[in-house]
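Heads up: the sequence shown begins at 2 in the working numbering, then just goes up one per residue.
Where a beta carbon is used, it is the ideal one built from N, C-alpha and C, also for glycine.
Everything on this sheet refers to the single structure shown next.
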Amino acid sequence: MASSAVESAAGSLSRLNIDDWVSAAPNLHKNISLLSPQQVELAKMLLGLNQSHLFEHWPEPGISDDEKLAFFDQIARLDASYPGGLPSYIKTARELLADSKAGKNPFDGFTPSVPSGEVLTFGNDSFIQYEDAGVHEARKTAFVLVAGGLGERLGYNGIKVALPLESTTGTCFLQHYIESILALQETSCRLSQGGGPTEIPLVIMTSDDTHMRTLKLLESNAYFGMNSSQIRLIKQEKVACLDDNDAKLAMDPQNKFRIQTKPHGHGDVHSLLYSSGILKEWLHVGRKWVVFFQDTNGLLFKGIAASLGVSATKGYQVNSLAVPRKAKEAIGGITKLTHQDGRTMVINVEYNQLDPLLRATGYPDGDVNSETGFSPFPGNINQLIIEIPPYLDELSKTGGAIKEFVNPKYKDATKTAFKSSTRLECMMQDYPKTLPPAARVGFTVMDTWLAYAPVKNNPEDAAKVPKGNPYHSATSGEMAIYKVNSLILRKAGVKVDDPVHRVFNGQEVEVWPRIVWQPKWGLTFSDIRSKVRGNCSITAKSTIVINGKSVYLEDLALDGALVINGTNDGAEVKVGGSVQNKGWIFEDVDYKDTSAPEEVRIRGFRIKKVEQLQKP
Ligand code: UGB
2 MASSAVESAA
12 GSLSRLNIDD
22 WVSAAPNLHK
32 NISLLSPQQV
42 ELAKMLLGLN
52 QSHLFEHWPE
62 PGISDDEKLA
72 FFDQIARLDA
82 SYPGGLPSYI
92 KTARELLADS
102 KAGKNPFDGF
112 TPSVPSGEVL
122 TFGNDSFIQY
132 EDAGVHEARK
142 TAFVLVAGGL
152 GERLGYNGIK
162 VALPLESTTG
172 TCFLQHYIES
182 ILALQETSCR
192 LSQGGGPTEI
202 PLVIMTSDDT
212 HMRTLKLLES
222 NAYFGMNSSQ
232 IRLIKQEKVA
242 CLDDNDAKLA
252 MDPQNKFRIQ
262 TKPHGHGDVH
272 SLLYSSGILK
282 EWLHVGRKWV
292 VFFQDTNGLL
302 FKGIAASLGV
312 SATKGYQVNS
322 LAVPRKAKEA
332 IGGITKLTHQ
342 DGRTMVINVE
352 YNQLDPLLRA
362 TGYPDGDVNS
372 ETGFSPFPGN
382 INQLIIEIPP
392 YLDELSKTGG
402 AIKEFVNPKY
412 KDATKTAFKS
422 STRLECMMQD
432 YPKTLPPAAR
442 VGFTVMDTWL
452 AYAPVKNNPE
462 DAAKVPKGNP
472 YHSATSGEMA
482 IYKVNSLILR
492 KAGVKVDDPV
502 HRVFNGQEVE
512 VWPRIVWQPK
522 WGLTFSDIRS
532 KVRGNCSITA
542 KSTIVINGKS
552 VYLEDLALDG
562 ALVINGTNDG
572 AEVKVGGSVQ
582 NKGWIFEDVD
592 YKDTSAPEEV
602 RIRGFRIKKV
612 EQLQKP
């Protein structure tokens, strides 16, 4: 350290009570000459916040000095990236931890009831009308993917958006999302008259855990066909982890000169869209809607056009997409909350809060299924459609701040120690909490088979879910793709055989024919129906892969594997007649077989291509 810096550090130090320094943090005190005046201020702040444990292991000056300075760099970043700095973070944490310890109900004063919303039935007239309306709106839309999560529950080491959505083609989630947006853009721009945006932008919120790998995935695949300028990455900062109810900052288990950090939650997306100026830009060019979505729902785009149509037709400022929910299923419930003072709001109540809230407000059995076999509260799938002008108005007032919560896992009933460190979090679906009661907040319910099959749970946890509840694993996520495509083709008039049952990684699943198509082949039901002609049939053992746009199935009888490649010039390709071969089969792979790649092991099978026909 330069001598003048040492002198100013010493100057700062001289304003402190030396006895306090020595008694609170003797090892820090020994190292004081290493620190700049700013770092001394940060050190004082930490001691004032009762964080002296961070210095207990600090060695004598001359040992690990670079690490000590790096520690203060990190403290400076954590302090700067949180509104109000670390003092504010720790103050809020102490308050929320005290509430959690006391078992305080965050919904005190509110009574839950079942809200009303739009319930869609796939393929009927109203669904088709909503889809048409949605396709027209699509080019005034922007998509926001929240992809900063660690995927701890899945136990996968890569980024989740790089996982194959199904192993028949190996298409990864990110590619599928981008191709779906491009298909929507192409159809919407073709149908819409007049000026306005001609590209649908995609923003991806990343975190330190996912940022570089997401960028690399995009760059090494030429942005999956999208213009690189159409995609923007915004990175959320992590927040400090906490070790106890006094909000003691947690040390990184790998590095004792670092604070352990974790993502702050998907709620950060609102402040980032606001502070980056992106929302203003969108409003300026006449965009009307933002669709928020999560990283691993392969069915996402099956219901997006219709849901956008619902938003536009009903004038919803906020439209939460939902599915029927099994009681205690680990997805939030959309709930109407009425306060004693008359305030009401329609909001997601997270799965760990719904049961206690119901029990505390006159439902002694808590979160249970009704006679329909489902919870009366629709399940939030965290796909939100928000109308931009009122959204920007609201964020101009709040800056995008979302109410935080803490969810410590206690070691025992005394609630004095945690099993592992915790942190403050915020959720994107909590945005409507600050809206006035007059805001038009609605929701759209679709069948689960159509709209929701996330990949969240590792095989062992998935195999343990209560019977009848969804696995939400890589296995069930892939099977859901085959099921949805089979049911859509059935509705379009194709005779598709019933599924067979198989067990992979301890999970019993329905295996439908492996039917997959590129989004540009068919994004809406009307589009798909127009591409199926005559009497077509597909047997249970079959696989069909449709690449290209202008492919028509005409009197096709498939019993085996068929790969169809459309032409680049858009010329019609008609495929029909009888196709019979040995097809593609599943080979079991044990989850514990470490010789197989992780993305194969977590689904419990690989596909062996025995025989197929390729057309043309
Ligand atoms: N995510 C971020 O981008 N940043 C973060 O800091 C954290 C997550 P999870 P979660 O679909 O069944 C949500 O972990 O939070 C991204 C809803 O809250 O998969 O447990 C992350 O990358 C819940 O109401 O889910 O639960 C991922 O894309 C219900 O809808 C997304 O946020 C549930 O999802 C969700 O993160 C569900």
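Give the range of the alpha helix (DSSP H) segment to which residue 357 is assigned. 352–361
Return the bridge partner residues of residue 411 from the DSSP annotation.
419
Query raised in the report: To which residues does DSSP link residue 285 through a beta bridge?
Result: Note: residue 285 sits in no beta bridge, so no partner.
*asked:* Could you give the first and the last residue of the continuous alpha helix (DSSP H) run that contains residue 485?
replied: 475–492
For residue 358, which residues of its own chain have a beta-carbon under 7 angstroms away from its beta-carbon, when the five flanking residues on both sides are left out?
106, 108, 113 and 350
Those runs of the beta strand (DSSP E) which lie wholly inside the stretch 303–340 and span at least 3 residues:
319–326 and 334–340
Pairing CB atoms from the stretch 472–486 with CB atoms from the stretch 155–173, are three or more of them under 8 angstroms? yes
Query - Through-space distance from residue 221 to residue 88, alpha-carbon basis - result: Cα to Cα, residue 88 sits roughly 42 angstroms from residue 221.
- Item | Candidates 57, 186 and 463: closest to residue 520 by CA position | Checked all of 57, 186 and 463; the closest Cα to residue 520 is 186.
* Same chain only: Cβ atoms within 7 angstroms of residue 59, ignoring 5 sequence neighbours per side -> 28, 29, 32 and 69
**Asked** Taking the Cβ atom as the reference point for each residue, do residue 202 and residue 231 lie within a distance shorter than 7 angstroms?
**Response** For the 7 angstroms CB-CB criterion, residue 202 and residue 231 form a contact.
>> Taking the straight line between their C-alpha atoms, what separation do you get for residue 158 and residue 211?
In response: Our two residues, residue 158 and residue 211, have alpha carbons roughly 11 angstroms apart in a direct line.
Buried or exposed for residue 494, going by 16 or more other Cβ atoms inside 10 Å? Exposed, since its Cβ has fewer than 16 Cβ neighbours within 10 Å.
Ignore the nearest five residues each way along the sequence and tell me which others in residue 605's own chain have a CB closer than 7 angstroms to its CB. 460, 476, 505, 506, 589, 590 and 592
Any heavy atom of the ligand UGB closer than 6 angstroms to the CB of residue 386?
no
Flag residue 471 as yes when its Cβ comes closer than 6 angstroms to any non-hydrogen atom of the ligand UGB, and as no otherwise. Checking the Cβ of residue 471 against the ligand UGB gives no.
- Query: Going by other Cβ atoms of all chains shown within 10 Å of its Cβ, with 16 needed for buried, is residue 617 buried or exposed?
  - Reply: exposed
Do residue 412 and residue 418 have their CB atoms nearer than 7 angstroms? yes
Checklist entry - If you drop the 5 nearest sequence neighbours on each side, which residues of the same chain put their C-beta closer than 8 angstroms to that of residue 621? => result What the structure shows of the chain is the stretch from 2 to 617, and residue 621 is not part of that stretch, so it cannot be assessed.
Run the proximity test for residue 206: is its beta-carbon closer than 6 angstroms to any non-hydrogen atom belonging to the ligand UGB?
Relative to the ligand UGB, the nearest heavy atom lies less than 6 angstroms away from the CB of residue 206.
Self-check item: Alpha carbon of residue 12 to alpha carbon of residue 288, nearest angstrom
Solution: Any reading at residue 12 must be qualified, since the residue scores a pLDDT of 44, below 50, and its modelled position is unreliable; the value itself is stated next. Cα to Cα, the separation comes out at about 55 angstroms.
Exercise for the section: Counting only the same chain and skipping the five closest in sequence on each side, list residues whose C-beta sits under 7 angstroms from that of residue 453. Expected result: 298, 300, 324 and 382
**Prompt:** So, using beta-carbon positions, are residue 549 and residue 536 closer together than 7 angstroms?
**Reply:** no
| request: Using 6 angstroms as the cut-off, classify the Cβ of residue 615 as near or not near the heavy atoms of the ligand UGB, replying yes or no. | output: no
query = Is residue 612 helix, strand or coil when you go by DSSP?
reply = Residue 612: coil per DSSP, three-state reduction.
Practice prompt. List the whole-angstrom C-beta distance separating residue 311 from residue 131, where the pair is believed to meet the contact cut-off of C-beta under 8 angstroms.
Written response: Contact holds; Cβ gap of about 6 angstroms.
Original post:
Out of curiosity, what's the CA-to-CA distance linking residue 294 and residue 144?
Top reply: 8 angstroms
Quick check on residue 181: buried or exposed, where buried means 16 or more other Cβ atoms within 10 Å of its Cβ? buried
Tell me whether the beta-carbon of residue 450 lies closer than 7 angstroms to the beta-carbon of residue 485.
-> yes
* **CB of residue 378 within 7 angstroms of CB of residue 336, strictly** => yes
Helix, strand or coil at residue 211 [DSSP, three-state]: coil
Item to complete: Pick out the complete alpha helix (DSSP H) segments inside the stretch 497–572, 4 residues or longer, and give them in chain order.
Response: Correct list: 526–530.
- [ ] Could you tell me if residue 92 is buried or exposed, where buried requires 16 or more neighbouring beta carbons within 10 angstroms of its beta carbon?
- [x] exposed
Once DSSP output is grouped into helix, strand and coil, what is the label at residue 11?
Reliability of the predicted coordinates at residue 11 is poor, the pLDDT of 40 falling under 50, and the value obtained from them is presented with this limitation in mind. Helix.
Exercise for review: Could you have a look at residue 142 and say whether DSSP puts it in helix, strand or coil?
Suggested key: strand
Legend entry - Member of 272, 279 and 61 whose CA lies at the smallest distance from the CA of residue 34: 61
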